[in-house]
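Below: the structure, in structure tokens.
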Amino acid sequence: MSGGDIAGLIAAGVFAVLVALLAVPILKLGKVFDELRGSIKTLSDETTPLIDEVTTTVSTTNLQLAKVDGISSNVSDASANISALTSLVAATVGSPLIKVSAFTYGVRTALTSRRPAGRGRRSR
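Each residue of the sequence shown is one higher than the one before, starting from -6 at the first, in the numbering used here.
Okay, here's the thing in structure tokens:
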């Protein structure tokens, strides 16, 4: 064996050790990728039913919101009708009531002014 052969054997041995040292991280990286693939599959399997439930919930919520919109529209109409009724009652009852009140005040003032000074009012 010559010196070149020995150097070649040493280089081959070092290369084999290097390959063995690099194989360990590559195998560990392969295991990490396998775990990642399993996690993604599990996540996908659990997410699909959840998305179906969310879709059902959103559909049900939209139906309920449509019902609430109808109710709020009816309440708005009812409050407008009550406001109109209040205005009508105020106009119908209020104006005659003011007139009656003014008339009674006028009669009371007229009657008190006709009383003699000694009976109704005290003079100082």
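Ideal Cβ placement from N, Cα and C applies to all residues, glycine included.
Keep in mind the model is a prediction, meaning the values are calculated, not measured.
- Assignment of residue -5 by DSSP, reduced to helix, strand and coil, places it in the coil class.
- Straight-line spacing of the CA atoms in residue 66 and residue 85 works out to 28 Å.
- If you draw a straight line from the Cα of residue -6 to the Cα of residue 25, it is about 45 Å long.
- Excluding its 5 nearest sequence neighbours in each direction, residue 78 has no C-beta neighbour in its own chain below 7 Å.
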